[in-house]
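S.K.: Mind the numbering: the sequence shown is residues 89 to 724 in our numbering, read in order.
Beta carbons: idealized from backbone N, C-alpha and C, even for Gly.
I have a structure here, written as structure tokens, and I will follow up with some questions on it.
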Amino acid sequence: MGKRIIYIVYGVSGCGKTTVGKELSKKLAIPFYDADDFHSQQNKQKMATGMPLDDNDRKPWLLRLAQEIGKWHISTGAVLACSALKNSYRDLLESIDSKYIQWIYLQGSYDLIAQRLQKRQDHFFDATLLTSQFETLEKPFRGIIVNIEDIVENIIDNIMMILDGTKQEIGLIGLGIMGKSLAKNLISKNFRVSVYNRQVKGKEVDVAQNFVNDHPNDNVLGFDDIPLFVYSLAKPRVIILMVNAGKAVDAVIDELLPYLNPEDCLIDGGNSHFKDTDRRISKLDKLGINFLGTGISGGEQGALKGPSMMPGGSKSGYELAGTYLESIAAKDKFGNSCCSFLGLGSSGHFVKMVHNGIEYAEMQLIAEIYHLLRFYVGKSPKEIATIFDSWCKQGKKSYLLEITAKILRTKEGNEYLIDKILDKAGQKGTGSWTITAALEEGVAISNIFDAVAARSLSSQKMQRIEAAKAYSLQDSNVPPLNINLDYLEKSFEIANISNHHIGFDLIQKTSKSNNWQLNLSEIARIWTNGCIIRSELMEELSLLFGKENDTEILMFPEIIDKVKPGISALANIVALGLLAQCSLPVLSSTINYVLTYTSKNTSANMIQAQRDFFGAHTYQRIDRPWDQYFHTNWKE
Ligand SMILES: NC(=O)C1=CN([C@@H]2O[C@H](COP(=O)(O)OP(=O)(O)OC[C@H]3O[C@@H](n4cnc5c(N)ncnc54)[C@H](OP(=O)(O)O)[C@@H]3O)[C@@H](O)[C@H]2O)C=CC1
Ligand SMILES: O=C(CO)[C@H](O)[C@H](O)COP(=O)(O)O
């Protein structure tokens, strides 16, 4: 069961605690209690005779109220009207975590209250006690202070307005790996945060409350109840969804909708498919609710210390929520946030999807180079780690290369941990979505395709064991390869450049098709820190795109200078590796891509001839204008 807020309306007798408290409880849809109803009979009689209560009379009464507050806190929440004139009384009432108590002091002058008391009928309190009440009243007042000179309706409006200002600034749903880290990150930036996690009986119980218990000194409230979670947030509300992509996102949105208002802003921070994001935007747009499809990269640690964030969708939503996102994101080397509004529609999630496509290909590239060095060249994991570290020092630093070196040095006892890990790679879909999107856009996505295919083939472990037996290629007596490590380093560099070239090409072309007007330099910049594909290359790309947004990466003169001298080195490595029966999906894909991309004349004339032969699809001619099409009556 989650914990609820207790609103204590306090002040001297006659200030309007009961009236205001009752109205407030109606507004908040929670029960109202009058502290006077919890007095013992003895106390009531004493007051009725005009005798003031002393602290001995009050203590058991306050302790009883404290007990009730504890119960209301874990059930319905409550509004309590109670004089609570002294700080010691207030301390006694704070029997629960003080961040769950909202004190509301009703402030009025002696004359005003005396006037009101004189008009009162059938109340056991004697107006002559007012003086003693004012003498007892202690400062400092806790919580919010509200002037009572106005009519009750306006007092309530005023309280609601102030409460909104003191409510939590941002909500987060889903305290899984990413959600927990993002919530901690928000708290560390001193934002007032509400967190929600569903209860799954016997499995996921009190997740939000446990999170709050782990942060006793922070301004965070925990909920397992959607209406109360939403209610805890200041309007217009900003809510981050960190739940699994797919049905869970729709389910959470549907649960939230009855409690949201126009102008509220939902941020989907998961790896949602961009087409789902488009669908959600159009659904929420009709209700005036802002939606930001926001790619977040950096894994658990990134989310905690500063991820790269790729928001897209509602511009007015970003105006509301951007401050929070920019504050928790990583910083680039100039101290600027690695988060900026990318564009309309699903552009944020699209860019994150391509980020992951690039991530897949870079991971596969590094993995296959490791595999070549380890099993075909004969290097130890430690030696390979040293090679990767040296590449990092020579301008090819990337997060994935750095962590691979660390992985290679990790031992379990005397043995390398990498040797214990089964060679079956998982995937959640963003790689294959990138391929589909590229094919729909007509972008040659070969290296990312081969990286995804490598994961798919890897998952067929039993089949591969059978096939290895049938073909026994790796059993043949091949001596260790003598490869040139400088060539290998160059091959890594070219494959990485080509990988980014293809990814950014896909972003650029899709941006044009959707009129997103994406700024490639800014995308590269927010990828320079916090995300999984951060690298020195990314820094360079941000600068290059800054000069020219429309140029393809392989056509920047600075990139040509790097790639051109290394093409034969890449061909050499791929040829040697393949001859030694080592599969090199991304490296081979790269050499084919680069050779085709840089060929003035390709074999495609034959494809056109074949198409025209069997299907009269027509072809263009090199000796005629290219807007003319021809057909030949080929002879079978
Ligand atoms: N892990 C990573 O490195 C990264 C993940 N992402 C993306 O972030 C999103 C979250 O990932 P991650 O934190 O790893 O996932 P987890 O599985 O660790 O957490 C998922 C969260 O969603 C909640 N949830 C699931 N289904 C529902 C539902 N129907 N209603 C309400 N809540 C639900 C879970 O609640 P419960 O605890 O009750 O199950 C849990 O709090 C995914 O889209 C993922 O692809 C993005 C970048 C990096
Ligand atoms: O988005 C990410 C990093 O940027 C996640 O780590 C992603 O979920 C990894 O994808 P997969 O499980 O398919 O390898």
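1. Hey, is HIS443 close to ligand 2, as in C-beta under 7 Å from one of its heavy atoms?
2. Which residue from ARG146, MET135 and ASP185 puts its Cα closest to that of LYS159?
3. On the premise that GLU292 lies in contact with ASN285, defined as a C-beta separation below 8 Å, what is that separation, rounded to the nearest angstrom?
4. Is the beta carbon of ALA154 closer than 8 Å to that of GLY109?
5. Under 7 Å: does the beta carbon of MET135 sit that close to some heavy atom of ligand 1?
6. By the DSSP assignment, the beta strand (DSSP E) with THR382 in it spans what residues?
7. Rounded to the nearest angstrom, what separates ASP352 and LEU180 at their Cα positions?
8. From what residue to what residue does the beta strand (DSSP E) around ASN235 run?
9. Less than 7 Å between the CB of GLU447 and some heavy atom of ligand 2, yes or no?
10. Count the C-beta pairs between the region 425–442 and the region 358–375 that are closer than 8 Å, then say yes if the count reaches three, no if not.
11. What does the Cβ neighbour count give for GLN725, buried or exposed, with the cut at 16 atoms within 10 Å?
12. Among ILE192, ILE377 and TYR98, which has the Cα closest to the Cα of GLN221?
13. Would you tell me roughly how many angstroms separate the C-alpha atoms of ILE590 and GLY376, rounded to the nearest one?
14. Quick check on TYR177: buried or exposed, where buried means 16 or more other Cβ atoms within 10 Å of its Cβ?
15. Flag this pair as yes or no: are the beta carbons of LEU672 and LEU527 separated by less than 8 Å?
16. Relative to the C-alpha of LEU260, which residue among ASP252, ASP313, ASP364 and LEU251 is closest?
17. Buried or exposed: which applies to PHE279, given that a residue is buried once 16 or more other Cβ atoms fall within 10 Å of its Cβ?
18. Could you compute how far the alpha carbon of ALA449 sits from the alpha carbon of THR678?
19. Express the C-alpha separation of ASN305 and VAL331 in angstroms, rounding to a whole number.
20. Is any non-hydrogen atom of ligand 2 found closer than 7 Å to the C-beta of LYS512, if you look at the structure I gave you?
21. Here's the rule I'm using: 16 or more other beta-carbon atoms within 10 Å means buried, otherwise exposed. How should PRO683 be labelled?
22. Using 7 Å as the cut-off, classify the Cβ of LEU274 as near or not near the heavy atoms of ligand 1, replying yes or no.
23. What separation, rounded to the nearest whole angstrom, lies between the Cα atoms of ASN175 and LYS91?
24. Could you check where the alpha helix (DSSP H) with PHE777 kicks off and where it finishes?
25. State the DSSP-derived secondary structure class of MET694, mapped to helix, strand or coil.
26. Determine, using beta carbons only, whether SER385 and PRO399 come nearer to each other than 8 Å.
27. Are LEU225 and CYS103 close, meaning C-beta to C-beta below 8 Å?
28. Going by CA-CA distance only, name the one from PHE379, ALA555, LYS485 and LEU432 that's closest to ALA409.
29. Assign LYS516 to buried or exposed, taking buried as 16 or more other Cβ atoms, counted over all protein chains shown, within 10 Å of its Cβ.
30. Which class does CYS480 belong to by DSSP, given the choice of helix, strand or coil?
31. How about GLU516: is its Cβ closer than 7 Å to a heavy atom in ligand 2?
32. Roughly how many whole angstroms lie between the Cα atoms of PHE299 and GLY381?
33. Per DSSP, which residues does TRP191 bridge with? Please list them.
34. How about VAL283 and LEU263: do their beta carbons lie closer than 8 Å?
35. Assign PRO350 to one of two classes, buried (16 or more other C-beta atoms within 10 Å of its C-beta) or exposed (fewer than that).
36. Measuring from the CB of GLY423, is there a heavy atom of ligand 2 at a distance below 7 Å?
M.R.: Answer, in terms of the structure:
1. If you number the sequence shown from 1, residue 443 lands on position 355. Yes, since a heavy atom of ligand 2 falls inside the 7 Å radius drawn around the Cβ of HIS443.
2. Within the sequence shown, the letter at position 71 stands for residue 159. The alpha carbon of LYS159 has as its nearest neighbour, out of ARG146, MET135 and ASP185, the alpha carbon of ASP185.
3. Position 197 of the sequence shown, counted from the start, is the residue given in the question as residue 285. Position 204 of the sequence shown, counted from the start, is the residue given in the question as residue 292. Indeed, because the Cβ distance is near 7 Å, the residues count as touching under 8 Å.
4. Looking up residue 109 in the sequence shown gives position 21. Looking up residue 154 in the sequence shown gives position 66. For the pair GLY109 and ALA154, the CB atoms are not nearer than the 8 Å cut-off.
5. On the sequence shown, position 47 is the one that residue 135 refers to. Remark: the C-beta of MET135 is outside contact range of ligand 1, defined as less than 7 Å to any heavy atom.
6. As a first step, residue 382 must be located in the sequence shown, where it is residue number 294. In the DSSP assignment, THR382 falls within the beta strand (DSSP E) that extends over 378–385.
7. The sequence position of residue 352 within the sequence shown is 264, counting from 1. The sequence position of residue 180 within the sequence shown is 92, counting from 1. So the two alpha carbons sit approximately 38 Å from each other.
8. Translated into positions along the sequence shown, residue 235 becomes position 147. Counting along the chain, the beta strand (DSSP E) containing ASN235 begins and ends at 232–235.
9. Along the sequence shown, one-based indexing puts residue 447 at 359. Yes - ligand 2 has a heavy atom lying nearer than 7 Å to the Cβ of GLU447.
10. Touching, per the Cβ criterion.
11. Lying outside 89 to 724, the shown extent of the chain, residue 725 is not represented and no answer is given.
12. Mapped onto the sequence shown, residue 221 falls at position 133. When only C-alpha atoms are compared, the closest one is TYR98.
13. Here residue 590 refers to the residue found at position 502 when the sequence shown is read from its first residue. Here residue 376 refers to the residue found at position 288 when the sequence shown is read from its first residue. Straight-line Cα distance between these residues: approximately 37 Å.
14. Within the sequence shown, the letter at position 89 stands for residue 177. Buried, by the Cβ-count rule.
15. Looking up residue 672 in the sequence shown gives position 584. Looking up residue 527 in the sequence shown gives position 439. In this structure, the beta-carbon distance from LEU672 to LEU527 does not fall below 8 Å.
16. Indexing the sequence shown from 1 puts residue 260 at position 172. Distance from the Cα of LEU260 is smallest, within the candidate group ASP252, ASP313, ASP364 and LEU251, for ASP313.
17. The count along the sequence shown starts at 1 and reaches residue 279 at position 191. Classification of PHE279: buried, given that the 10 Å Cβ count is 16 or more.
18. Mapped onto the sequence shown, residue 449 falls at position 361. Mapped onto the sequence shown, residue 678 falls at position 590. Distance from the CA atom of ALA449 to the CA atom of THR678, rounded to whole angstroms, is 10 Å.
19. Within the sequence shown, residue 331 is the residue found at index 243, counting from 1. Within the sequence shown, residue 305 is the residue found at index 217, counting from 1. Inter-residue distance for VAL331 and ASN305 is about 26 Å (C-alpha atoms, whole angstroms).
20. As a working mapping, residue 512 is identified with position 424 in the sequence shown. Distances from the CB of LYS512 to the heavy atoms of ligand 2 are all 7 Å or more.
21. By one-based count along the sequence shown, residue 683 stands at place 595. Note that residue 683 is Leu in the sequence shown here, rather than Pro. Classification for LEU683: exposed.
22. By 1-based counting over the sequence shown, the position of residue 274 is 186. LEU274: no, Cβ never under 7 Å from ligand 1.
23. Position 87 of the sequence shown holds residue 175. Position 3 of the sequence shown holds residue 91. Cα to Cα, the separation comes out at about 24 Å.
24. Coverage of the chain is limited to positions 89 through 724, which leaves residue 777 absent and any answer about it impossible.
25. Counting from 1 along the sequence shown, the entry for residue 694 is found at position 606. The three-state secondary structure of MET694, taken from DSSP, is helix.
26. To locate residue 385, count along the sequence shown from 1; it is residue 297. To locate residue 399, count along the sequence shown from 1; it is residue 311. Here SER385 is not near PRO399, since their CB atoms are 8 Å or more apart.
27. Residue numbering aside, residue 225 sits at position 137 when the sequence shown is read from its first letter. Residue numbering aside, residue 103 sits at position 15 when the sequence shown is read from its first letter. Contact: no.
28. By 1-based counting over the sequence shown, the position of residue 409 is 321. The shortest CA-to-CA distance from ALA409 to any of PHE379, ALA555, LYS485 and LEU432 is the one to PHE379.
29. Here residue 516 corresponds to residue number 428 of the sequence shown, with the count starting at 1. Residue burial is scored here from C-beta neighbours: LYS516 has fewer than 16 other C-beta atoms within 10 angstroms and is therefore classed as exposed.
30. Within the sequence shown, residue 480 is the residue found at index 392, counting from 1. Three-state result, CYS480: helix.
31. Your numbering for residue 516 matches position 428 in the sequence shown. Before going on, a small fix: residue 516 reads as Lys here, not Glu. Relative to ligand 2, LYS516 has its C-beta within less than 7 Å of a heavy atom.
32. Locating residue 299 in the sequence shown gives position 211, counting from the first residue. Locating residue 381 in the sequence shown gives position 293, counting from the first residue. Near 26 Å, if we compare the C-alpha coordinates of GLY381 and PHE299.
33. Locating residue 191 in the sequence shown gives position 103, where the first residue counts as 1. According to DSSP, which records beta bridges pairwise, TRP191 is partnered with ILE96.
34. Here the question's residue 283 lines up with position 195 in the sequence shown. Here the question's residue 263 lines up with position 175 in the sequence shown. Yes. Within cutoff.
35. For this step, residue 350 is matched to residue 262 along the sequence shown. It counts as exposed.
36. Mapped onto the sequence shown, residue 423 falls at position 335. Incorrect: GLY423 has no Cβ contact closer than 7 Å to ligand 2.
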